[in-house]
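For the record, the sequence lines run as chains A and B.
Take the first sequence: its position 74, counting from 1, is numbered 71 in our numbering, and each next residue is one higher.
When you read off a place in the second sequence, starting at 1, and then add 14, the result is the number in our numbering.
Quick reminder that beta carbons are idealized off the backbone N, C-alpha and C, glycines included.
The block underneath contains the structure these notes are about, expressed in structure tokens.
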Amino acid sequence: MDRTSGSLVRSHCVGTTAVVYASDYLNKLTGEKIERECRRQLDCGCRALVIDFSDTKLVNSIGISILLGIIDVAEKSGAKIAFSDVNNQTVQLFEMLGLTRHVVLAKDEREALLTLSGFETIPIVH
Amino acid sequence: MEPSTQKLIHTFGALADLGQEIAGRGDFTEMVRTSMHLLLGTLALRRGAVAECIDEDKLRCVALWGVGEQTFTELSLTGAEKQEFLIGEVTEFLISNDATANLFINRHRPFLQQQEIELVLPMIVRDEVTGLVLLGRKASGEEFLSDDFETIRAMVRHIGVGIHTHRLLEQVAQRAEENRRLYEELRTIYKATVRAFAAAIDIKDKYTQGHSERVGRYSEIIAREMGWSEDEVEGIQIAGYLHDVGKLVVDRDIINAPYNINAKESNELNRHPSAGYEILAPINHPYADIPLMAKYHHERLDGRGYPDGLRDEQIPLGAKIVSLADSFDAMTTDRPYRRRRSFEDVVRDLRENSGKQFDGKVVAAFARAILKEVSGVTKERRITKMLAKDYLQGENVPTLLSDLIADLTNLTGAESGVQSYK
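Printed below as a string of structure tokens:
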């Protein structure tokens, strides 16, 4: 978990895949925390990232830019990346801006993990 | 929602955030970094950088995203290239293989291509190139559209103005700081000059060396105890140093007379407050009413003082403070015609003359300041050090002071309220 700047970013690992949970509003403050946590997980050896948007209602421009940065870092380190549980409005935004060309969109966290790992059954640890 | 509507809403949101960011008073680098993120996020550009012009040809990277940090050590912007950006009708330059694109791009093309930069825009504010914005391709892989350029231009203009404004504010703050430092230096020089002047005044009177310096310090201590502001406290300290400046025009033999002077000599000596006022009045002091404090430091509350025989409220509070400091020093130091008085005797004098010669509230404040030292409430020994060794060592000193304070509080309702001498 990222404990910088006061509040925490929830995350956990399933094998070599890290699941990082975005907050209700993905802006500069929360985006930077997610970015730090993703970088930390990649530095720790994770080979795939799931960013879960189940709590996320809104993503602003800075949030988009930071997500692109995370995609860039993941690509450079050879890691796969998936976004899970993204609401319709945000999916439209990601599609319009072309983010969906670089990430897998999954219905939920389980589907994202399955897609990334190819496992049939994944034990989810919270 | 239609994609075009969604794009419009997304862009409007970014422009609103950008305006707020640029208008803020936050950290400069953070402002540029956030602005750059807003620009990149609006069109989902994968990389970008903002650089400002420094010195002659140099570019300094303020923010970058997805671009190697070494980028800006490789880049420079010459005068001719700036000129080309200024006179050109084109506001953005695509990195293509077109050799005629632009001097800057032609010089840096291989490097910019290596960094996957697709677009270069100068930030121009008031006919001056303040920096460059470098942008990578869109995450969608699509070409830039004409409305993309409109958005980018608008946002780059905003960022340019933001950088320019921040730099201007920085310059203003820097100049204000320089002025403050100069002012502090002037104040220090002024104070040093005044103290030297005070020493010169005291040299004329061989029996009262250090008197003006002590009166300045006592006055400062009393004013501080009464809750005056630091500026006012400094002012009254200066007034204390200079209160006897008028003695410079009094015959040295009268000042140094080792006997009780006669009426004529007394009149001559009593000229010194008015003479002091005349010396000090033409000077533009950085503190208020210093000439008046010198003029009225021999006035009494009962109207029997000089030069004008003012009564209580007519006398500026600052002059009342200097008057007490002056008398206290006179009573507690040896003079040619008498020894200093015991502290008990001094306290008796202060009690008897409160409301006649001295203001009871001023006396009470001074007594509180002395009591704080002798009772160890404060570790400072400023008053003790100015007095003869062991002068305040008597066991009864704290009681004398406490009783005096209590009596004056009952008599005048004395308290350490803030009162301005202005």
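Check, Outcome
"Between the alpha carbons of B/Glu58 and A/Leu65, how many angstroms are there, rounded?", "Residue identity differs from the one stated: residue 58 of chain B is Ala in this sequence, not Glu. The straight-line gap from Cα to Cα measures roughly 7 Å."
"Using a Cβ cut-off of 7 Å, pull out every chain A residue sitting near B/Asp31, in sequence order please.", "Asn57 and Ser58"
"Relative to the alpha-carbon of A/Asn84, which residue among A/Arg33, A/Glu92 and A/His9 has its alpha-carbon at the smallest distance?", "A/Glu92"
"How many whole angstroms separate the CB atoms of B/Lys261 and B/His286, which I take to be in contact at a CB cut-off of 8 Å?", "5 Å"
"Among B/Thr413, B/Pro412, B/Met169 and B/Phe380, which residue has its Cα nearest to the Cα of B/Ala339?", "B/Phe380"
"Could you tell me whether the Cβ of A/Ser62 comes closer than 7 Å to any Cβ of chain B?", "yes"
"Does any C-beta atom of chain B lie closer than 7 Å to the C-beta of A/Gly95?", "yes"
"To the nearest angstrom, report how far apart B/Leu425 and B/Met307 are at their CA atoms.", "25 Å"
"Just to confirm the assignment, what range does the beta strand (DSSP E) spanning A/Ala79 have?", "Lys77 to Ser81"
"Taking beta-carbon pairs under 7 Å, can you tell me which members of the segment 65 to 77 of chain A lie near chain B?", "Leu65, Gly66 and Asp69"
"Identify which residue in A/Leu5, A/Ile78, A/Leu102 and A/Val101 has its Cα closest to the Cα of A/Thr14.", "A/Ile78"
"Determine whether the Cβ of B/Leu54 lies closer than 7 Å to any Cβ atom of chain A.", "yes"
"Which residues does DSSP list as the beta-bridge partners of B/Val64?", "B/Ala77 and B/Val147"
"With DSSP run on the structure shown, which of helix, strand or coil describes A/Ala9?", "At residue 9 of chain A the sequence reads His, which differs from the Ala that was named. Note: A/His9 maps to strand in three-state DSSP."
"Note down, in chain order, every chain B residue with its Cβ under 8 Å from the Cβ of A/Arg98.", "Ala153, Ser154 and Gly155"
"Looking only at C-alpha atoms, which of A/Ser114, A/Ser74 and A/Val88 sits nearest to A/Leu39?", "A/Ser74"
"Check whether the segment 357 to 371 of chain B and the segment 408 to 423 of chain B are in contact - that is, three or more C-beta pairs closer than 8 Å.", "yes"
"For B/Ile215, which residues in the same chain have their Cβ closer than 7 Å to its Cβ, ignoring the five residues on either side in sequence?", "Ser226, Asp258, Val259, Lys261 and Leu262"
"Residues of chain B with CB closer than 8 Å to the CB of A/Lys25, please, in chain order.", "Thr48 and His51"
"Under a three-way DSSP split, which group does B/Lys72 fall into?", "strand"
"I'd like to check one pair, B/Val143 with B/Leu135: are the Cβ atoms closer than 7 Å?", "no"
"So what's A/Arg44 in DSSP terms, helix, strand or just coil?", "coil"
"If I follow the unbroken alpha helix (DSSP H) through B/Ile203, where does it start and stop?", "Ser160 to Lys218"
"Between which two residues does the alpha helix (DSSP H) containing B/Pro305 stretch?", "Ile304 to Lys309"
"Quick check on this structure: which residue in B/Pro17, B/Arg39, B/Leu52 and B/Arg238 has the alpha carbon closest to the alpha carbon of B/Ala30?", "B/Leu52"
"Exposed or buried, which one is B/Asn193 when buried takes at least 16 other CB atoms within 10 Å?", "exposed"
"Grab the span of the beta strand (DSSP E) containing B/Glu132 for me, first residue to last.", "Ile131 to Ile138"
"Any beta-carbon of chain A closer than 7 Å to the one on B/Trp79?", "yes"
"Using only alpha-carbon positions, find the residue among B/Ser243, B/Ile203, B/Asp373 and B/Arg352 that is nearest to B/Ala302.", "B/Ser243"
"For B/Lys152, name the three-state secondary structure that DSSP assigns.", "strand"
"Quick one: any contact between the segment 176 to 183 of chain B and the segment 89 to 105 of chain B, if contact means 3 or more CB pairs under 8 Å?", "no"
"In its own chain, which residues sit with a C-beta less than 7 Å from the C-beta of B/Gly249, not counting the 5 before and 5 after it?", "Tyr301, Ala302 and Ile304"
"Keeping to the same chain, check which residues put their C-beta closer than 8 Å to that of B/Glu35; ignore five residues upstream and five downstream.", "Met45, Thr48, Ser49, Leu52 and Gly176"
"Alpha carbon to alpha carbon, what distance is there between B/Lys278 and B/Val388?", "42 Å"
"So for A/Thr14, helix, strand or coil by DSSP?", "strand"
"So A/Lys30 packs on A/Ile59, CB below 8 Å; how close in whole Å?", "Not confirmed; about 12 Å, so no contact."
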